[in-house]
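In our numbering, the protein residues as written are 6 to 439.
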């Protein structure tokens with residue numbers, strides 16, 4: 006198998022500003038330096054200082070010297086709609102494609118898969134992470150991307166990720182939201198921040214050691230998922246995305262030794278679990294491990310294993326209308342309807358003065374009750390006067406590899422193979438290209 010090339014959606018804006026560092030070609034013409042492109046009627050205006058040129062989209066700038074040329078994109082938004090959202094100027098290798106997606110122009114980076122992964126494992130985690138964690142992340146990131154490409158190639162005539170009636174709003178978010186490129190560069194897919202994040206010899210060593218390796222289950226590449234902190238137990242795939250059971254994405258306890266655990270889909274058991282602090286790998290306050298693995302903006306999140314938020318009835322009402330576009334009136338109660346195997350809410354009933362609405366799945370719940378996102382949907386609800394007290398566990402959807410748990414396993418001497426077998430039961434590591 007040849008190394009695949011990947012198309013990554015980086016920037017979505019009405020005007021795109023970029024700099025070509027070195028000689029790039031498009032339509033047999035050389036381009037170099039700073040540019041701005043925007044829509045002008047049915048054409049597009051490419052501006053460089055006092056020079057203007059009208060072009061048709063799509064266009065693609067190809068580097069003449071791949072090894073030494075790169076390009077900068079200005080004002081790239083990262084952490085879109087999350088609590089760490091901000092803008093950065095970022096640098097990329099490979100070619101730059103610009104297309105029009107109707108609501109905005111889109112800047113796409115086209116490059117070989119291994120070059121893409123070199124950045125992913127330096128963006129999802131710090132480049133200073135432990136070697137075995139970086140190896141494990143290289144394998145799962147490669148597996149996830151190739152699984153998404155295979156999924157996109159399949160016919161999905163009856164595929165639907167949203168169900169809405171007068172009484173229900175059920176949706177999940179996945180790869181199918183991108184139609185004109187393979188993946189985006191943000192948390193919706195995998196963090197990819199070009200060569201802006203510092204590569205280290207350790208990152209390159211991890212990539213070289215796992216080159217071409219993927220996780221396989223029953224002769225198919227695993228749809229290998231990961232989240233920041235599972236909270237002590239991982240969630241099943243089908244409770245978070247489409248109702249398909251992947252045996253390698255089953256619930257596992259994130260610990261070396263099994264601990265006593267009740268059925269967390271039962272409300273009282275979930276309450277006891279969330280209010281406890283079990284001895285899980287990801288239950289750590291080790292500043293050396295955390296600062297070595299979490300990017301600076303991730304370190305702003307200080308309470309992730311167990312957390313709490315307070316939300317007033319009025320705030321809940323306004324958020325639901327803003328995020329879902331549905332007016333339920335004053336929210337008088339929040340009632341758990343169904344929980345997954347990690348205690349994460351799959352469906353939540355909202356009792357309002359105007360209507361009753363059931364929402365799901367986990368990301369919809371997290372979005373609907375926070376200006377950005379709740380850390381996870383593994384939370385219990387206590388009403389205190391006019392306020393809802395939400396006490397929760399974990400950071401993220403909790404499916405697959407737990408990044409903080411894996412970082413602790415790395416620090417404790419586990420190999421990347423042991424880490425992967427811990428989180429993806431029954432899978433095997435296979436090399437599919439050199």
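C-beta: ideal position from N, C-alpha, C; glycine also.
Option nearest residue i by Cα separation, candidates the options
i, options, result
"residue 312", "79, 361, 105, 379", "379"
"residue 242", "132, 347, 172", "347"
"residue 395", "318, 18, 92, 420", "318"
"residue 322", "356, 55, 274", "356"
"residue 307", "362, 351, 233", "233"
"residue 105", "47, 119, 132", "47"
"residue 22", "112, 72, 14, 143", "112"
"residue 402", "139, 363, 256, 137", "256"
"residue 238", "310, 68, 35, 328", "310"
"residue 79", "267, 198, 423", "198"
"residue 271", "324, 245, 341", "341"
"residue 427", "174, 183, 211, 263", "263"
"residue 385", "369, 373, 415, 353", "353"
"residue 194", "125, 176, 235, 407", "125"
"residue 252", "374, 44, 240", "240"
"residue 291", "324, 343, 417, 329", "417"
Assigned secondary structure, residue i (DSSP; H/G/I helix, E/B strand, else coil)
i, result
"residue 148", "helix"
"residue 398", "strand"
"residue 218", "strand"
"residue 246", "coil"
"residue 234", "strand"
"residue 368", "helix"
"residue 207", "helix"
"residue 153", "helix"
"residue 38", "strand"
"residue 435", "strand"
"residue 68", "strand"
"residue 389", "strand"
"residue 48", "strand"
"residue 174", "strand"
"residue 83", "strand"
"residue 339", "strand"
"residue 194", "coil"
"residue 168", "strand"
"residue 325", "helix"
"residue 383", "coil"
Close Cβ partners of residue i (< 7 Å) along its chain, the five nearest in sequence each way excluded
i, result
"residue 326", "332"
"residue 413", "286, 287, 289, 294"
"residue 109", "17, 18, 19"
"residue 212", "119, 122, 123, 143"
"residue 367", "245, 349, 350, 351, 382, 402"
"residue 52", "40, 41"
"residue 358", "334, 335, 337"
"residue 268", "274"
"residue 387", "394"
"residue 210", "136"
Counted within 10 angstroms of its Cβ, other Cβ atoms place residue i as buried (16 or more) or exposed
i, result
"residue 335", "exposed"
"residue 158", "exposed"
"residue 8", "exposed"
"residue 273", "exposed"
"residue 95", "buried"
"residue 168", "exposed"
"residue 189", "buried"
"residue 438", "exposed"
"residue 185", "exposed"
"residue 280", "exposed"
"residue 405", "buried"
"residue 299", "buried"
Run of the beta strand (DSSP E) containing residue i, from where it starts to where it stops
i, result
"residue 333", "From DSSP, residue 333 is part of no beta strand (DSSP E); its letter is neither H nor E."
"residue 97", "91-97"
"residue 311", "311-317"
"residue 352", "350-357"
"residue 60", "56-60"
"residue 4", "An answer regarding residue 4 cannot be provided, because it is not within the stretch 6 to 439 covered by the chain."
Range covered by the alpha helix (DSSP H) that runs through residue i
i, result
"residue 426", "421-428"
"residue 31", "Counting along the chain, residue 31 falls outside any alpha helix (DSSP H), though it belongs to the beta strand (DSSP E) covering 20-31."
"residue 275", "272-279"
"residue 121", "118-128"
"residue 410", "408-416"
"residue 295", "292-298"
Residues near residue i by beta carbon distance below 8 Å, same chain, minus five either side
i, result
"residue 297", "131, 133, 134, 135, 412"
"residue 144", "215, 218, 219, 220, 229, 421, 425, 434"
"residue 61", "48, 49"
"residue 59", "45, 48, 49, 50, 51"
Residues of its chain near residue i, where Cβ-Cβ distance is below 6 Å and the 5 sequence neighbours each way are ignored
i, result
"residue 315", "392, 394"
"residue 415", "135, 137, 138"
"residue 371", "378, 379, 382"
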